[in-house]
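Just so you know, the sequence shown maps onto residues 49 to 444 in the working numbering.
Presented below is the structure to which this report refers.
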Amino acid sequence: MAKKFVADVAVDGRRVFLRNDFNVPLNSAGEITDDTRIRAALPTFRHLLDNGAAIICSSHLGRPKGKAVGELSLAPVARRLGELLKKKVIFCSETIGARAEKAKAKLRPGQVLMLENLRFHPGETANDPVFAAELARGIDLYVDDAFGACHRAHASIDGITRHVPLAVAGFLLRKEIDFLTLAAENPPDDYLVILGGAKVSDKLPLLKHLLTQADAILIGGAMAYTFLKAEGMDVGASRVENECLELCRDLRRQADERGVRFLLPRDHIAAPRIEPNIPVHIVKPGEGIPGEMMGLDIGPETIKAFRAEIGRARLIFWNGPMGVFEVDAFSGGTMEIAAAIAASTATSIVGGGDSLAAVNQAGVADRISHISTGGGAALEFLAGDPLPGIAALTEA
Ligand code: ADP
Ligand code: MG
Numbered sequence: 049m050a051k052k053f054v055a056d057v058a059v060d061g062r063r064v065f066l067r068n069d070f071n072v073p074l075n076s077a078g079e080i081t082d083d084t085r086i087r088a089a090l091p092t093f094r095h096l097l098d099n100g101a102a103i104i105c106s107s108h109l110g111r112p113k114g115k116a117v118g119e120l121s122l123a124p125v126a127r128r129l130g131e132l133l134k135k136k137v138i139f140c141s142e143t144i145g146a147r148a149e150k151a152k153a154k155l156r157p158g159q160v161l162m163l164e165n166l167r168f169h170p171g172e173t174a175n176d177p178v179f180a181a182e183l184a185r186g187i188d189l190y191v192d193d194a195f196g197a198c199h200r201a202h203a204s205i206d207g208i209t210r211h212v213p214l215a216v217a218g219f220l221l222r223k224e225i226d227f228l229t230l231a232a233e234n235p236p237d238d239y240l241v242i243l244g245g246a247k248v249s250d251k252l253p254l255l256k257h258l259l260t261q262a263d264a265i266l267i268g269g270a271m272a273y274t275f276l277k278a279e280g281m282d283v284g285a286s287r288v289e290n291e292c293l294e295l296c297r298d299l300r301r302q303a304d305e306r307g308v309r310f311l312l313p314r315d316h317i318a319a320p321r322i323e324p325n326i327p328v329h330i331v332k333p334g335e336g337i338p339g340e341m342m343g344l345d346i347g348p349e350t351i352k353a354f355r356a357e358i359g360r361a362r363l364i365f366w367n368g369p370m371g372v373f374e375v376d377a378f379s380g381g382t383m384e385i386a387a388a389i390a391a392s393t394a395t396s397i398v399g400g401g402d403s404l405a406a407v408n409q410a411g412v413a414d415r416i417s418h419i420s421t422g423g424g425a426a427l428e429f430l431a432g433d434p435l436p437g438i439a440a441l442t443e444a
C-alpha cells in the first residue's frame with residue numbers, strides 16, 4: 049500500500065495544491081502562540097520552491113463551522129510562514145471563487161499563495177464534490193502534508209484527489225507514515241506501549257488492537273482508575289468511567305492470555321482537589337485511595353517499575369500523560385516517564401496533543417525519535433484503521 053512521495057515526482061513548472069495542517073493555537077489577540085506546525089511544514093515548501101513549483105496552500109484552523117469567522121483567518125499564518133521561509137507569501141482572503149482563481153492564475157513558479165481557511169466553507173467537512181473540484185481547478189499536483197487531518201474524509205483531504213492527475217505525500221506526512229507503519233506493521237520484539245490521559249473510552253479500541261502487538265503495556269493517568277476499580281480497588285473520588293469496567297476486565301484477561309505484561313500503577317499521588325498548592329497524599333502499594341481523594345499522578349514505586357520496562361524496550365509508543373501534568377504537584381510521574389523514554393536507546397514515538405505538550409514541558413522533545421503531529425490520526429492509524437487521507441493518495 050505504498051504511496052507516491054513528493055520527492056519522487058516531477059514538480060518543475062507544476063501548480064501544486066499543498067494541504068497543510070496549520071491548525072495552530074492563537075491567543076485572544078489573534079497571535080500564534082506555538083508555530084511548531086508551521087516550522088514542521090517547511091521541508092515540503094522548500095523542496096517544491098527549490099524545484100520550480102508554484103505553491104497554492106491552505107489549511108483548516110479552529111472550528112468556524114462553515115462560515116467566515118474573522119478570528120480564524122489564516123492571514124497571521126501566512127505572515128509567519130513568510131517570515132520562516134524568508135519569502136513573501138501572497139494571501140487571498142477567499143478559498144474558492146473569482147478572486148482565488150485570479151490569484152491562482154497569476155502565480156508563477158517559485159511563488160507561494162495561501163488561500164483562506166478551508167472550513168469557512170461547509171463543503172470542506174461535507175466532502176462536497178463541487179467544493180473539491182473548485183479547490184482542484186488549475187492544479188497539476190496535490191501534495192498532502194496534513195497528517196493531523198488524514199483521519200477525516202474532507203474535501204481538501206479526500207474529494208480533491210479525484211480531480212487532480214496525481215496526489216502524493218509531502219515530507220511531513222511521509223515521516224509520519226514511516227514511523228507509524230513501523231509500529232503498526234513491523235514492531236520488533238520488546239515493543240512497549242504506554243497509555244495514559246483522561247478518557248478511557250476513547251482509547252480502549254486502540255488498546256484492544258495494541259494488545260495483539262505489544263510485549264508490555266503500562267497504564268497511567270486517569271485511565272488507570274477505571275482499570276483499578278474494575279479489579280476491585282478503592283479508587284476514592286478518582287475519575288472513573290463506570291460503563292467501561294467490564295471491558296477493562298476483559299482486556300486485562302486478554303493480556304494475560306497472550307502473555308502481555310500489563311502494568312497498572314501500584315502507588316499514587318492523591319489530593320481532594322486539583323489545585324497548585326494543595327497538600328498531596330502518597331497512597332502506598334496495597335492501600336486504597338481515601339474516599340474524598342482523587343488519584344492524580346503515579347507514585348514513586350510505579351515510576352520505578354515503569355522505568356524498568358522502558359529500559360528493556362526496543363520500540364516505545366507513548367500516548368497520554370501519567371497524571372495532571374499541567375499542575376506541578378501532579379506532574380512528577382509524567383516528567384519522569386518522559387525523561388526515561390528520552391534516555392532509552394529504543395525507537396520512541398509519542399502521539400497526542402497533551403503528550404506532546406508534556407514532552408516539551410520535560411524539555412526532551414529532541415531526544416524522541418518521532419513526535420506525531422496528528423493526535424487523533426496517529427491513534428486511529430495505530431488502531432489499524434485505514435486513514436482516508438492516506439488511502440486517497442496515488443499508489444507508488
Ligand atoms: P493526549 O492529548 O496526549 O491524547 P489526553 O487528552 O487523553 O492526552 O489526556 C490528557 C489529560 O488527562 C490532561 O489534561 C491531564 O490533566 C489529564 N489527566 C491525566 N491523569 C489524570 C488523572 N489522574 N485525573 C484526571 N485527569 C488526568
Ligand atoms: Mg488531549
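All C-beta atoms, glycine included, are put in the ideal place defined by N, C-alpha and C.
- For residue 54, the distance from the CB to the nearest heavy atom of the ligand ADP is not below 7 Å.
- The criterion of a C-beta distance shorter than 8 Å is satisfied by residue 165 and residue 121.
- A straight-line Cα-Cα distance of about 29 Å links residue 149 and residue 443.
- For the pair residue 361 and residue 394, the Cα-to-Cα distance works out to about 6 Å.
- For residue 239, DSSP records a beta bridge to 363.
- Check the Cα spacing between residue 138 and each of 106, 206, 328, 211: the tightest is with 106.
- Three or more Cβ pairs drawn from the region 368-382 and the region 257-276 lie within less than 8 Å of each other, which places the two stretches in contact.
- Ranking 312, 344, 342, 339 by CA distance to the CA of residue 333 puts 312 first.
- The straight-line gap separating the alpha-carbon atoms of residue 237 and residue 128 is approximately 43 Å.
- Looking at 354, 249, 174, the one whose alpha-carbon comes closest to that of residue 114 is 174.
- The beta carbon of residue 91 sits closer than 6 Å to the beta carbons of 219 from its chain, once the five residues preceding and following it are set aside; these are given in chain order.
- For residue 227, the enclosing alpha helix (DSSP H) begins and ends at 219-233.
- In the DSSP assignment, residue 329 forms a beta bridge with 318.
- Under the criterion of beta carbons closer than 8 Å, residue 263 and residue 240 qualify as touching, at roughly 7 Å.
- Residue range 380-391 is occupied by the alpha helix (DSSP H) that includes residue 383.
- Secondary-structure assignment with DSSP links residue 51 through a beta bridge to 443.
- Exposure of residue 327 is indicated by the presence of fewer than 16 other C-beta atoms within 10 angstroms of its C-beta.
- For residue 423, the uninterrupted alpha helix (DSSP H) segment begins and ends at 423-430.
- Placement of the Cβ of residue 250 at a distance of 7 Å or more from every heavy atom of the ligand MG is found.
- Within the DSSP secondary-structure output, residue 67 pairs in a beta bridge with 106, 192.
- A residue is called buried once 16 or more other Cβ atoms fall within 10 Å of its Cβ, and residue 143 is buried on that count.
- If you ignore the 5 residues before and after residue 325, its C-beta comes within less than 8 Å of the C-beta of 377, all in its own chain and listed in chain order.
- Under the three-state reduction of DSSP output, residue 311 falls in the strand class.
- Taking a cut-off of 8 Å on C-beta distances, the region 277-286 does not touch the region 350-370, as fewer than three cross pairs fall below it.
- For residue 287, the shortest separation between its Cβ and any heavy atom of the ligand ADP lies below 7 Å.
- In this structure, residue 57 and residue 216 form a Cβ contact; the two beta carbons are roughly 6 Å apart against a cut-off of 8 Å.
- Taking C-beta atoms under 8 Å as the contact rule, residue 170 and residue 101 fail to qualify, at a distance of about 30 Å.
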